[in-house]
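Q: Everything in the sequence shown is counted per this note's numbering, starting at 3 for the first residue and increasing by one. Using N, Cα and C, we set each Cβ at its ideal position, and we do this for glycine too. Note that the structure is predicted; figures quoted are calculated from it, not measured.
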Amino acid sequence: MTVKVITDSTSDLPSDLAERLGIELVPANVHFGDETFKDGRDLSADEFYERLAHGDTFPRTSQPSPGEFMEIYKRFGKDADAIVSIHVSSKLSGTYNSAVQGAQEAGDGCPIEVVDSQQASMGLGMAAIAAARAANDGSPVDEVAATARDASKRSVCFPALDTLEYLEKGGRIGKARAMLGALLRVKPIIIIRDGEVQELGKERTLSKALARLEQTARDLAPVEDLSVLYSTAQDDALRLAQNLQDLLPDGKEPVIARIGPAIGAHVGPGAVGIGLLRASP
Numbered sequence: 003m004t005v006k007v008i009t010d011s012t013s014d015l016p017s018d019l020a021e022r023l024g025i026e027l028v029p030a031n032v033h034f035g036d037e038t039f040k041d042g043r044d045l046s047a048d049e050f051y052e053r054l055a056h057g058d059t060f061p062r063t064s065q066p067s068p069g070e071f072m073e074i075y076k077r078f079g080k081d082a083d084a085i086v087s088i089h090v091s092s093k094l095s096g097t098y099n100s101a102v103q104g105a106q107e108a109g110d111g112c113p114i115e116v117v118d119s120q121q122a123s124m125g126l127g128m129a130a131i132a133a134a135r136a137a138n139d140g141s142p143v144d145e146v147a148a149t150a151r152d153a154s155k156r157s158v159c160f161p162a163l164d165t166l167e168y169l170e171k172g173g174r175i176g177k178a179r180a181m182l183g184a185l186l187r188v189k190p191i192i193i194i195r196d197g198e199v200q201e202l203g204k205e206r207t208l209s210k211a212l213a214r215l216e217q218t219a220r221d222l223a224p225v226e227d228l229s230v231l232y233s234t235a236q237d238d239a240l241r242l243a244q245n246l247q248d249l250l251p252d253g254k255e256p257v258i259a260r261i262g263p264a265i266g267a268h269v270g271p272g273a274v275g276i277g278l279l280r281a282s283p
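1) Near Glu26, what residues of its chain come up, given a Cβ to Cβ distance below 6 Å and the 5 sequence neighbours on each side ignored?
2) Nearest CA to the CA of Cys112: which residue from Asp237, Ala130, Val143 and Asp248?
3) Whole-angstrom Cβ separation of Ala55 and Asp41, contact assumed at under 8 Å?
4) Quick one: Cα of Ser196 to Cα of Asp152, how far?
5) Give the list of continuous beta strand (DSSP E) stretches no shorter than 3 residues that lie fully inside the segment 69 to 145.
6) For Glu255, which residues in the same chain have their Cβ closer than 7 Å to its Cβ, ignoring the five residues on either side in sequence?
7) In angstroms with no decimal places, state the Cα-to-Cα distance between Lys93 and Asp237.
8) Does Asp221 pass the burial test, meaning 16 or more other C-beta atoms within 10 Å, or should it be called exposed?
9) Pairing CB atoms from the segment 113 to 128 with CB atoms from the segment 47 to 61, are three or more of them under 8 Å?
10) Decide if Gln65 is buried, meaning its Cβ has at least 16 other Cβ atoms within 10 Å, or exposed.
11) Are there 16 or more other CB atoms within 10 angstroms of the CB of Ser87, so buried, or fewer, so exposed?
12) Ignoring anything shorter than 4 residues or poking outside the segment 219 to 264, list the alpha helix (DSSP H) runs there in chain order.
13) Would you list the residues sitting across from Ser64 in a DSSP beta bridge?
14) Taking only three categories from DSSP, how would you classify Thr38?
15) When the Cβ atoms of the segment 34 to 50 are set against those of the segment 70 to 77, are three or more pairs found closer than 8 Å?
16) Measuring alpha carbon to alpha carbon, tell me which of Thr149, Leu169 and Ala219 ends up nearest Ala273.
17) Going by DSSP in three states, Ser46 sits in which element: helix, strand or coil?
18) Taking C-alpha atoms, which residue in Glu107, Pro271, Thr4 and Asp48 lies nearest to Ala82?
19) May I have the straight-line CA-CA distance separating Leu163 from Ala281, to the nearest angstrom?
20) Under 7 Å, do Ile261 and Leu231 count as touching if we go by C-beta distance?
21) Where does the unbroken alpha helix (DSSP H) through Ser11 begin, and where does it stop?
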């Protein structure tokens, strides 16, 4: 059985890894004023962060339309026996609902399982990777969907931010709002928990924030898979990945993932984080 795995660009999956695993990335929309871009297709991360830093218009994001999902499902449904479509938390975006509507509009030609990961960025990416590996091993659609849901529950994503300004402006701050008043010259650390943004902690300096990220990852060990993500601070991400190499099983290395425009609009420049998949009990 051929099962196609689809996710959206808020997963921050590196395009080469997605291509290697056969994962299709549906781009979110990024808006600067009256201009609309497809995340990762006609707006690169470098171009986005340049505009974010020097432009005078704050970006907005929006989900792909149901029609876009319908077209994608119909296209891949021609060659697949089934589709598993895994998406960013429904509490953070309307993407999941768009995917559900798109699946309904696509009709009954190809079975489609739509999964709400309750995660974002590489928390979602970890679930998509696990599902794709199951699909590539020949698992039937119900097992691939079950793998996606199980991995979603074991996925964790927690970035350290330079500021909460972008989360607040983008309306995605969730339960981390309580941190706002005490964050002058402090590096906030957030976590996606129960499908929304929550406070994990705060540190006075970047070095302490990175150390907190590393310790949190170690506290969550053992892990099956691990990624380090960044918006603009690549060197910090590479050092963190090197420090965490020992957490992974032999033969695996951390995935280095760039935070793309759809997530970058909410976390801003200077963000560094970790997405990991905890080992099964």
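A: Result, derived from the coordinates:
1) Ile8
2) Val143
3) That pair is no contact at about 18 Å.
4) The residue you asked about is not Ser; residue 196 is Asp in the sequence shown. Approximately 14 Å, taken between the alpha carbons.
5) 84 to 89 and 114 to 118
6) Gln247
7) 32 Å
8) exposed
9) With a cut-off of 8 Å, the segment 47 to 61 and the segment 113 to 128 do not count as touching, because too few Cβ pairs lie within range.
10) By the C-beta density criterion, Gln65 is buried, having at least 16 other C-beta atoms within 10 angstroms.
11) buried
12) Within the segment 219 to 264, the complete alpha helix (DSSP H) segments at least 4 residues long are 236 to 246, listed from N- to C-terminus.
13) Asn31
14) DSSP places Thr38 within a strand segment (E or B) once states are collapsed to three.
15) no
16) Leu169
17) coil
18) Thr4
19) C-alpha separation (whole angstroms): 26 Å.
20) yes
21) Where Ser11 is concerned, there is no enclosing alpha helix (DSSP H), given that its DSSP letter is neither H nor E.
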